[in-house]
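Step one of this worksheet: look at the structure below.
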Amino acid sequence: FRYTHESKSSQIVIPIVSSERREYLPMGFLGPNTKIISSAAAIYDAQLHIFGIISSKIHMCWVKAISGKLDNRIRYLSALCWNTFPFPKISKNQKSILNASVLNILEVRENFSERTLAELYDPDKMPDGLKEAHRLNDLAVEKCYRSTPFINDEERLQYLFSLYEKMIEI
24 FRYTHESKSS QIVIPIVSSE RREYLPMGFL GPNTKIISSA AAIYDAQLHI FGIISSKIHM
84 CWVKAISGKL DNRIRYLSAL CWNTFPFPKI SKNQKSILNA SVLNILEVRE NFSERTLAEL
144 YDPDKMPDGL KEAHRLNDLA VEKCYRSTPF INDEERLQYL FSLYEKMIEI
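Written out as structure tokens, the structure is:
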């Protein structure tokens, strides 16, 4: 059996199964020399801003609403979670803002390099600096949709489903 994908520049690694308690998926942004095993999904040669989109609260709301489940845990499948995710076309400036936000998240995570991603994203133990970096990323991602932040997850989902309905119109 052989199923090989290779990256030329970068890859975003997403666990296929993750705790439903997490606010954010514990994903990695890696170079091309890491091999991804079947218990993780990967986006090969992804642009940096994609990491910011996927690691946002609005994407996590979508994932929790439509993903498959393994017991109560989230089961992230690209066909359900990413390919159906309504995200608007964004400008180069918006991509730059998201790129800076991602670099901030990665920099904060480097301060805790002795911890695993599972430890960093444990909702009871997530460092305050990482929470703040994600909060800022959430604001940057949500500004891609509209100028004012969403009030709560229910409002996020309502907005996403209205965009999804437009996406699938024939």
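Numbering (my numbering), first residue to last: 24 to 193. Note that beta-carbon positions come from the ideal geometry of N, C-alpha and C, so glycine has one too. Predicted model, so just to flag it, every value in this text is computed and none were measured.
Contacting residues, own chain, Cβ-Cβ under 6 Å from residue i (five flanking each side not counted)
i	result
residue 74	35, 52, 125
Alpha-carbon spacing of residue i relative to residue j, whole angstroms
i	j	result
residue 195	residue 122	In the structure as shown, the chain begins at 24 and stops at 193. Residue 195 is therefore absent and cannot be evaluated.
residue 176	residue 69	27 Å
residue 164	residue 135	24 Å
residue 100	residue 90	7 Å
residue 117	residue 171	15 Å
residue 178	residue 138	34 Å
residue 107	residue 87	13 Å
residue 147	residue 66	28 Å
residue 111	residue 167	7 Å
residue 222	residue 30	No statement about residue 222 is possible, as the shown extent of the chain runs from 24 to 193 and does not include it.
Closest Cα partner of residue i within the set the options
i	options	result
residue 169	182, 103, 158, 160	182
residue 40	166, 185, 149, 64	64
residue 47	28, 155, 114	155
Distance CB(residue i)-CB(residue j) smaller than 8 Å
i	j	result
residue 160	residue 191	no
residue 50	residue 79	no
residue 43	residue 97	yes
residue 186	residue 84	no
residue 153	residue 131	yes
Three-state secondary structure assigned by DSSP to residue i
i	result
residue 54	coil
residue 189	helix
residue 62	coil
residue 101	helix
residue 136	coil
residue 67	strand
residue 41	strand
Own chain, CB closer than 7 Å to residue i, minus 5 neighbours either side, in chain order
i	result
residue 32	55, 68
Neighbourhood of residue i by C-beta distance below 8 Å, restricted to the same chain and skipping five residues each side
i	result
residue 81	161, 164, 165, 168, 173, 179, 183
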